[in-house]
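Okay, structure first, notes after.
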Amino acid sequence: MAQDTGTRTLISHAQLTRGRGRVVYWTLLTVVVVGFTLVFLGPLYWMVTGALKSGQEIAQTPPSLFPKDPQPQNYADAWHHLDLAKLLFNTFYYAAGALVFQVVLDTAAAYALSKLRPAFGNVILGLMLATLMIPAMVLIVPQYVTVIDLPILHVNLLDSPFAIWLPAVANAFNIFLLKRFFDSIPEELMAAALVDGATPLRTLWSIILPMSRPILGVVSIFAVTAVWKDFLWPKLVMPSPETRTVSVGIYAFSGGTPMNVVIAASVIAAIPTVLVFLIFQRNIMSGLTTGSLKG
1 MAQDTGTRTL ISHAQLTRGR GRVVYWTLLT VVVVGFTLVF LGPLYWMVTG
51 ALKSGQEIAQ TPPSLFPKDP QPQNYADAWH HLDLAKLLFN TFYYAAGALV
101 FQVVLDTAAA YALSKLRPAF GNVILGLMLA TLMIPAMVLI VPQYVTVIDL
151 PILHVNLLDS PFAIWLPAVA NAFNIFLLKR FFDSIPEELM AAALVDGATP
201 LRTLWSIILP MSRPILGVVS IFAVTAVWKD FLWPKLVMPS PETRTVSVGI
251 YAFSGGTPMN VVIAASVIAA IPTVLVFLIF QRNIMSGLTT GSLKG
């Protein structure tokens with residue numbers, strides 16, 4: 001006797017594929033998809049088209065939907081007047097450093113908690129996750145005090161990339177993601193590596209990391225975008241014009257720069273993160289949804 005293994009929903013498949021039910025279903029689906037698309041793409045469209053408008057047109061009320069006289073020169077002005085090349089290089093440098101520190105140290109912490117199981121490991125993990133409940137704004141003052149006078153070493157880290165790299169390492173969410181993925185790796189592989197004489201470090205390098213590429217990709221994207229979009233912390237710890245990130249640099253120049261040029265600079269600054277997401281969106285979904293390994 002054949003068994004129905006299909007997914008059960010509130011509305012049967014027969015109702016969705018005939019008569020009025022089919023019309024209602026597709027109407028609601030279309031409205032929801034179009035509505036969410038407009039909500040997410042609307043600000044991007046306004047930003048891209050606003051960068052092509054003149055100063056008068058962008059300030060007019062009500063705003064125009066399309067530029068009456070497109071001015072692509074705004075992008076060139078933003079690139080040269082705001083020195084975006086220098087700002088983008090600084091931001092890329094900070095993001096790359098934060099990526100290296102997070103991948104190395106967060107992976108080591110997650111591997112220790114998942115596979116090495118130290119004493120009080122669950123307590124340590126619980127304390128890490130408890131920090132996620134603390135608002136980020138509450139941590140700004142103690143972090144800044146630490147940066148201007150690093151304990152024990154008594155070093156001032158202002159205008160140093162370590163002021164951005166070191167706080168980025170303490171990321172409980174990334175450690176939790178990595179640990180959950182490592183938990184799904186069968187213990188038989190660890191036992192086989194131990195029988196072959198592999199050390200824990202060798203096991204991590206030769207077995208765990210090659211199998212963890214999806215989640216490492218997710219953590220890498222989170223690390224890069226977190227630094228790229230951050231504003232308040234880089235503004236506090238990078239006061240020198242030579243060390244500013246792109247978001248802080250655009251804000252610093254916005255006072256004496258036409259609004260359309262500032263918007264053009266914002267478009268240029270957003271392009272790298274948008275490209276990263278479009279290229280690696282499959283890696284993001286696969287890394288977040290992978291919960292088990294098949295033999």
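In this text, residue positions in the sequence shown follow the numbering used here: the first is 1, and each later residue adds one.
Think of the CB as a built atom: it goes at the ideal place given N, C-alpha and C, for glycine as much as any other residue.
Since we're looking at a predicted model, the values are computed, not measured.
Alpha carbon to alpha carbon, what distance is there between Leu150 and Leu178?
On the sequence shown, position 178 is the one that residue 178 refers to. On the sequence shown, position 150 is the one that residue 150 refers to. Their backbone Cα atoms lie some 29 Å apart in a straight line.
Note down the Cα distance separating Ser160 from Thr203, rounded to an integer number of angstroms.
Position 160 of the sequence shown, counting from 1, holds the residue named residue 160. Position 203 of the sequence shown, counting from 1, holds the residue named residue 203. One C-alpha to the other measures close to 35 Å.
Taking Gly50 and Asn260 to be in contact with their CB atoms under 8 Å, please state how far apart those CB atoms are, rounded to whole angstroms.
Here residue 50 refers to the residue found at position 50 when the sequence shown is read from its first residue. Here residue 260 refers to the residue found at position 260 when the sequence shown is read from its first residue. With 8 Å as the limit, Gly50 and Asn260 qualify as a contact, their Cβ atoms being about 7 Å apart.
In chain order, which alpha helix (DSSP H) runs of at least 4 residues are fully inside the stretch 61-101?
73-81, 84-101
According to DSSP, is Ser254 part of a helix, a strand, or is it coil?
Taking the first residue of the sequence shown as 1, we reach residue 254 at position 254. In the structure shown, Ser254 sits in a helix (DSSP, three-state: H, G or I).
For Pro239 and Leu158, believed in contact at Cβ under 8 Å, the rounded distance:
On the sequence shown, position 158 is the one that residue 158 refers to. On the sequence shown, position 239 is the one that residue 239 refers to. Their Cβ separation, rounded to whole angstroms, is 7 Å, which keeps Leu158 and Pro239 in contact under 8 Å.
Would you mind giving the Cβ-Cβ distance between Tyr94 and Ile164, rounded to the nearest angstrom? I have them listed as a contact below 8 Å.
On the sequence shown, position 94 is the one that residue 94 refers to. On the sequence shown, position 164 is the one that residue 164 refers to. Contact holds; Cβ gap of about 5 Å.
Close Cβ partners of Ser254 (< 6 Å) along its chain, the five nearest in sequence each way excluded
Numbered from 1 along the sequence shown, position 254 holds the residue referred to as residue 254. Result list for Ser254: Val262, in chain order.
Could you give the DSSP three-state label for Ala51: helix, strand or coil?
Within the sequence shown, numbered from 1, the residue matching residue 51 stands at position 51. Coil.
If you draw a straight line from the C-alpha of Pro72 to the C-alpha of Val48, how long is it?
Position 72 of the sequence shown holds residue 72. Position 48 of the sequence shown holds residue 48. Cα to Cα, the separation comes out at about 10 Å.
List, from N- to C-terminal side, the alpha helix (DSSP H) runs of 4 residues or more that fit wholly inside the stretch 190-245.
200-203, 213-229, 232-237
My assumption, with CB atoms under 8 Å, is that Phe181 sits in contact with Ser212. Please give the rounded CB distance.
As a working mapping, residue 181 is identified with position 181 in the sequence shown. As a working mapping, residue 212 is identified with position 212 in the sequence shown. Indeed, because the Cβ distance is near 6 Å, the residues count as touching under 8 Å.
DSSP on Ser292, reduced to helix/strand/coil?
The residue labelled residue 292 in the question sits at position 292 within the sequence shown. Note that Ser292 scores a pLDDT of 43, beneath 50, so its modelled location is shaky and nothing firm can be said.
Between the alpha carbons of Val224 and Val246, how many angstroms are there, rounded?
Here the question's residue 224 lines up with position 224 in the sequence shown. Here the question's residue 246 lines up with position 246 in the sequence shown. Computed Cα separation, rounded: 13 Å.
Please classify Trp228: is it buried, with 16 or more other beta-carbons within 10 angstroms of its beta-carbon, or exposed?
If you number the sequence shown from 1, residue 228 lands on position 228. Trp228 comes out buried.
Looking only at C-alpha atoms, which of Val24, Tyr25, Leu41 sits nearest to Val274?
Position 274 of the sequence shown, counted from the start, is the residue given in the question as residue 274. Among Val24, Tyr25, Leu41, the Cα nearest to that of Val274 belongs to Leu41.
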